[in-house]
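Asker:
2 protein chains.
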Amino acid sequence: MRHFDLVVIGAGSGNSIPGPALVSEQILVVDDGVHFGGTCLNVGCIPTKMFVHPAEIAHEVAEARHVLNATSGEIRYDWQGIRDRVFGRIDAISEGGEEYRASGEPNISLLREQVRLTSEHELESASGERITFDRLVIATGSRPRELAALPLGDRIHTNDTILRLDNQPERLAVIGGGAIACEFAAMFAGLGTQVVQIHRSELLRGVDDEVRACFTEAAKRRWGLHLGTEVTRAVTTADGVTLTLSNGDELTVDHVLVAAGRVVNTDRLGTQELGLDHRENGALVVDEQQRVLRGGEPVAGIWAVGDSANTAQLKHVANHEARVAVQSILHDLGRAEAPSGVLGPIPLVVFSSPQIATFGRTLAEAHDDGLDAVEARCDYGATAWGWALADSEHFVKIVAERGSGTLLGAHIIGPDAGILLQPLVQAASFGQSVHGLARGQYWPHPAATEIVENALLKLEEQL
Amino acid sequence: MRHFDLVVIGAGSGNSIPGPALVSEQILVVDDGVHFGGTCLNVGCIPTKMFVHPAEIAHEVAEARHVLNATSGEIRYDWQGIRDRVFGRIDAISEGGEEYRASGEPNISLLREQVRLTSEHELESASGERITFDRLVIATGSRPRELAALPLGDRIHTNDTILRLDNQPERLAVIGGGAIACEFAAMFAGLGTQVVQIHRSELLRGVDDEVRACFTEAAKRRWGLHLGTEVTRAVTTADGVTLTLSNGDELTVDHVLVAAGRVVNTDRLGTQELGLDHRENGALVVDEQQRVLRGGEPVAGIWAVGDSANTAQLKHVANHEARVAVQSILHDLGRAEAPSGVLGPIPLVVFSSPQIATFGRTLAEAHDDGLDAVEARCDYGATAWGWALADSEHFVKIVAERGSGTLLGAHIIGPDAGILLQPLVQAASFGQSVHGLARGQYWPHPAATEIVENALLKLEEQL
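Protein chains in written order, with UniProt numbering: chain A, 1 to 463; chain B, 1 to 463.
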């Protein structure tokens, strides 16, 4: 029976756990993915954004025709060219990473199988090997939720498979209304696919209402939206997939993308059987050192990070948690201080079109929390950069506590939202108040950052 | 003879001086521009960026053909459509602003003439009116430098006139190598004009060497560059303008844009005759309250802001100085504290293509200043967003003091450089060290801000 000092299950953010600080430990990395390296690299953040960028250019050109006095022929994208370029790059990284973990370091071994915990210090692989360990990091991530009415197959996909299609779908149904569904809908629409998005409720629930309304209006102009309904039946024919909706509508598409939420992979791992504490969505409950809890108390020797351990389901959060876990392990080994301190607010960027970036509370949420909060909004169109964009719909909203000026949240929809948010994330993370934030620094004229500056100035007037 | 409590000469940033705080003062605003409102609004930052944006889209599409597996027909821009849209918007603002200053407020008068100071408390207008005043703000800005070999006319322009051409030039020579010349060259090239840029030395002197080299390489691919030479003779014919260069080359273009530096307008104002202190470029020397100096001492009742008072020649600096001047005037009136404190580093964005954003010292400048400085660079291509862009040439460089981690400068070339710079401007302005700056906040994955994050992490390792 093999024994390891440390086992890491999941090679997404988990793959960053082994490193120079743990070079004296015998470590087993476990990854049962089709491609080594987790969701972000292979089927998530990275490849999608590599498709989103060309799609966004196509969209900008389409807008340019109407708004910027430009005309052009149709932009024709070479789907296979994009796909092969993207996965030519990514698969090589995945394969290189796998090779390195398999044989690149004397203290690290790789197991490419699904595993199940049989105790706090033992696991069993799908092929029947039993492995013991002193310490464990659970980083098993999440997978797309499957829907009973839409069994996966040649025409019905998740993000795991849709980007590798041989041909760009002419007609695509996107099922879901969250960030992933909205990104894929905009991306395929930008590349010229005729998209319909079907979701049982509203788009992007949890995001600021004005932002959601702005996004939904933009989506309606660019692709078909069927909200408040769901697919009850899917019949695959030679011509495509015919979907029947709960509102009685029927439509036929070439392919379907199911992006209706994600299932935390702890269910396959046996963590329930070990009596560990779980959140409602299946993620493990952890303390500020990423140690998993049982009955509210940390379990010795077990950490969890990423989608296994939070409900944010964001790569930058998983990466941070992996760093915290490493330090906690080192502390457990007597080699470091315990990690301390909680990082500032978690930004979320929806790389759709329009792009959305947000952190913290909406005004309504702040009021619900009993805070004396105020909000200010600056439209892109109120600044010179917005004039350059000929923008008339996008905006920045910032929420702060009256008096103290503590930043409570920011909500941006529009071009470069994900970048424009960062000065506000930074201010909130380092405890900078809204008082003096705009006037305490230069904002180069006429860059898009003036939208943030002006929102801050308007907010400051209300404090 | 009319008398005013306050005269403001120049209605660019000077136009922000009159406001609620000075409503009890009788104020005269003087503007001798063809269009009311100064350079930025009428012939500078704002209209150029309104042309830059569509040009940038065209460039992105051209890049997309090569890099992003897309093909398209030629994008055809409607120059007159852009021009009429831009100036339809801007001229209306200028005219509305002029009307408001002329008759919108009982305490404000407008004089649309060139004026000359005859004493510290009197001016004379071109039409011969003499006006006295208690207090004066000089905000007369700057104008394009004219070149003897290139007399302005129907085919030889500056930024003051080129954007209003009836037809887009097919062939354009841009004379100069600074930010303005580089912006116009990229803009016209993006819109499909055949551009040659002619400059007596190198492009963008004063900017980080690696950034300049990267820019120059990109420029060479997109337009003709004649560096280290200058125009010695221009002959206008029916066919265009034939330029003879000092290196013996000869070339014919439809139009010429002279963008070879700017002359500070104090020369027309009589400030030399008043014995005020001037910088080498003609700008007035001011103290931290924007009070002009004579013999190193502040002159009672005279302030200067913007290009009249600094060598940055940037709108965000002028706007800041106008705010400082207002507070200083209020202090002089006994109604406010004196302004205090100096704002952090001044960012410069060159809205060319590629875009450049920079503040503070290069590593070489830091060493020249005797600082123990270190630098780190992160390429766009080293991040997931760079993969999405298929970027292989652009980068972020950050300079800090070893030990303290004090931010000394940052230098970015590439898409969205002007926005990416802001978290670093903010950190430098509020005295945040590089220590902990990257890891003390979330950077959403895989946004372009990760390039800045990674440069900070690399820099921190060297501190």
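No residue lacks a Cβ here, since even glycine has one placed at the ideal position from N, Cα and C.
1) Please specify which runs of the beta strand (DSSP E), each continuous and at least 3 residues long, are wholly inside the segment 288-376 of chain B, giving them in chain order.
2) In the DSSP assignment, find the beta strand (DSSP E) that holds D5/A and state where it starts and stops.
3) Note down, in chain order, each residue of its chain lying with its Cβ closer than 8 Å to the Cβ of L245/B, except the 5 sequence neighbours on either side.
4) Do the segment 85-95 of chain A and the segment 41-59 of chain A touch if we need at least three Cβ pairs shorter than 8 Å?
5) Hey, I138/B and I9/B: beta-carbon distance below 7 Å or not?
6) If you drop the 5 nearest sequence neighbours on each side, which residues of the same chain put their C-beta closer than 6 Å to that of D208/B?
7) What does the alpha-carbon distance come out to for the pair G270/B and L117/B?
8) Of all Cβ atoms in chain A, is any one closer than 7 Å to the Cβ of I75/B?
9) Provide the residue span of the beta strand (DSSP E) that contains R171/A, from first to last.
10) Any C-beta of chain A within less than 9 Å: which residues of the segment 375-407 of chain B qualify?
11) Just checking: is the beta-carbon of N69/B within a distance shorter than 7 Å of some beta-carbon in chain A?
12) Consult DSSP for S94/B and reduce its assignment to one of helix, strand or coil.
13) Answer yes or no: do R262/B and R145/B have a C-beta to C-beta separation smaller than 7 Å?
14) Could you name each continuous beta strand (DSSP E) segment of 3 residues or more that falls completely within the segment 33-66 of chain B, going from the start of the chain to the end?
15) Starting from the beta carbon of V425/A, find every residue of chain B whose beta carbon is closer than 7 Å, and list them in chain order.
16) Any idea what DSSP makes of L147/A, helix, strand or coil?
17) Using a threshold of 7 Å, state whether the C-beta atoms of M187/B and W387/A are closer than that.
18) Compute the beta-carbon to beta-carbon distance between S328/A and W303/A, rounded to the nearest angstrom, for a pair I have assumed lies under 8 Å.
19) Leaving out five residues before and five after T294/B in sequence, what residues of the same chain have Cβ atoms less than 8 Å from its Cβ?
20) How would you write the range of the beta strand (DSSP E) that L456/A sits in, first residue to last?
21) Would you please state the rounded distance, in angstroms, between the beta carbons of L111/B and L28/B? I believe it to be under 8 Å.
22) Compile a chain-ordered list of the residues in the segment 116-146 of chain B whose CB is closer than 7 Å to at least one CB of chain A.
23) Measure from the alpha carbon of P446/A to the alpha carbon of each residue in S352/B, G370/B and G360/B, then state which is nearest.
24) Express the C-alpha separation of V264/B and G296/B in angstroms, rounding to a whole number.
25) From S24/B to A234/B, what does the alpha carbon distance come to, in whole angstroms?
26) Please tell me whether E113/A and D166/A are closer than 7 Å, where the distance is taken between their beta carbons.
27) DSSP has Q194/B in a bridge; who is on the other side?
28) Looking at the C-beta of M50/A, does it have a partner C-beta in chain B at a distance below 7 Å?
29) With a threshold of 7 Å between beta-carbons, can C45/A be considered close to chain B, or not?
30) Are L348/A and H320/A touching if we call contact CB-CB under 7 Å?
31) In angstroms with no decimal places, state the Cα-to-Cα distance between L172/A and T193/A.
32) Under 7 Å, CB to CB, which of the residues in the segment 173-202 of chain A have a partner in chain B?
33) So, for V374/B: in the same chain, excluding its five sequence neighbours on each side, which residues have a beta-carbon less than 7 Å away from its beta-carbon?
34) Just list the beta strand (DSSP E) runs in the segment 71-139 of chain A, keeping only unbroken ones of 3 residues or longer that don't cross its boundaries, in chain order.
35) For R221/A, write down the residues that DSSP places opposite it in a beta bridge.
36) What residue range is occupied by the uninterrupted alpha helix (DSSP H) comprising V235/B?
Answerer: Walking through what the data contain:
1) Counting only runs of 3 or more, we get 291-294, 297-304, 348-350 and 356-360.
2) Your numbering for residue 5/A matches position 5 in the first sequence. Residues R2 to I9.
3) Start at 1 with the first residue of the second sequence, and residue 245/B comes out as number 245. Within the same chain, L245/B has close Cβ partners I198, H226, T229, E230, V231, T232 and L251.
4) yes
5) The count along the second sequence starts at 1 and reaches residue 138/B at position 138. The count along the second sequence starts at 1 and reaches residue 9/B at position 9. In contact: I138/B and I9/B (Cβ atoms closer than 7 Å).
6) For the purposes of this step, residue 208/B is identified with residue 208 of the second sequence, where counting begins at 1. If we look at D208/B and ignore the five residues flanking it on each side, its Cβ neighbours are T362 and H411.
7) Start at 1 with the first residue of the second sequence, and residue 270/B comes out as number 270. Start at 1 with the first residue of the second sequence, and residue 117/B comes out as number 117. In a straight line, the C-alpha of G270/B is about 5 Å away from that of L117/B.
8) Numbered from its first residue, the second sequence carries residue 75/B at position 75. Yes - at least one Cβ of chain A is within 7 Å of the one on I75/B.
9) Along the first sequence, one-based indexing puts residue 171/A at 171. That run of the beta strand (DSSP E) goes R171 to I175.
10) A384, W385, W387, A388, L389 and A390
11) Here residue 69/B corresponds to residue number 69 of the second sequence, with the count starting at 1. Output row for N69/B: interface = yes.
12) Within the second sequence, numbered from 1, the residue matching residue 94/B stands at position 94. S94/B falls in the helix class under three-state DSSP.
13) For this step, residue 262/B is matched to residue 262 along the second sequence. For this step, residue 145/B is matched to residue 145 along the second sequence. Going by C-beta atoms, R262/B is nearer than 7 Å to R145/B.
14) The segment 33-66 of chain B contains no whole beta strand (DSSP E) run of 3 or more residues.
15) For the purposes of this step, residue 425/A is taken as the residue at position 425 of the first sequence. The answer, in chain order, is Q441 and Y442.
16) In the first sequence, counting from the first residue as 1, residue 147/A sits at position 147. Three-state DSSP puts L147/A in coil, outside helix and strand.
17) Here residue 187/B corresponds to residue number 187 of the second sequence, with the count starting at 1. Here residue 387/A corresponds to residue number 387 of the first sequence, with the count starting at 1. Against a cut-off of 7 Å, the Cβ pair of W387/A and M187/B comes out as no contact.
18) In the first sequence, the residue the question calls residue 328/A occupies position 328. In the first sequence, the residue the question calls residue 303/A occupies position 303. Correct: roughly 6 Å between the Cβ atoms.
19) As a working mapping, residue 294/B is identified with position 294 in the second sequence. The identity of residue 294/B in the sequence shown is Arg, whereas the question assumes Thr. L274, G275, L276 and D277, listed in sequence order.
20) By 1-based counting over the first sequence, the position of residue 456/A is 456. Element bounds for L456/A: not the beta strand (DSSP E) but the alpha helix (DSSP H), T449 to Q462.
21) Here residue 111/B corresponds to residue number 111 of the second sequence, with the count starting at 1. Here residue 28/B corresponds to residue number 28 of the second sequence, with the count starting at 1. Between L28/B and L111/B the Cβ distance is about 6 Å, and since that is below 8 Å, they are a contact.
22) none
23) For the purposes of this step, residue 446/A is taken as the residue at position 446 of the first sequence. With distances taken between Cα atoms, P446/A lies closest to S352/B.
24) Walking along the second sequence from the start, residue 296/B turns up at place 296. Walking along the second sequence from the start, residue 264/B turns up at place 264. Approximately 20 Å between the Cα atoms of the pair.
25) What you label residue 24/B is simply residue 24 of the second sequence in a count that begins at 1. What you label residue 234/B is simply residue 234 of the second sequence in a count that begins at 1. Rounded to the nearest angstrom, the two C-alpha atoms are 54 Å apart.
26) If you number the first sequence from 1, residue 113/A lands on position 113. If you number the first sequence from 1, residue 166/A lands on position 166. Not a contact, by the Cβ cut-off of 7 Å.
27) Sequence index remark: in the second sequence, residue 194/B carries index 194 (1-based). BP columns for Q194/B point to R171/B.
28) Position 50 of the first sequence holds residue 50/A. Contact of M50/A with chain B is assigned, a C-beta pair being separated by under 7 Å.
29) Counted from its first residue, the first sequence places residue 45/A at position 45. Yes, C45/A lies at the interface with chain B (some Cβ there is under 7 Å from its Cβ).
30) The residue given as residue 348/A occupies position 348 in the first sequence. The residue given as residue 320/A occupies position 320 in the first sequence. No, the pair does not count as a contact, with Cβ atoms beyond the cut-off.
31) Here residue 172/A is taken as the residue at index 172 of the first sequence, counted from 1. Here residue 193/A is taken as the residue at index 193 of the first sequence, counted from 1. Computed Cα separation, rounded: 7 Å.
32) The residues in question: there are none.
33) Looking up residue 374/B in the second sequence gives position 374. So the list reads A400, R402, L459, Q462 and L463, once near-sequence residues are dropped.
34) 75-77, 108-111, 115-119, 122-125 and 130-138
35) Translated into positions along the first sequence, residue 221/A becomes position 221. In the DSSP output, where bridge partners are listed per residue, R221/A has none listed.
36) Here residue 235/B refers to the residue found at position 235 when the second sequence is read from its first residue. Careful: V235/B lies outside any alpha helix (DSSP H), inside the beta strand (DSSP E) at V231 to T237.
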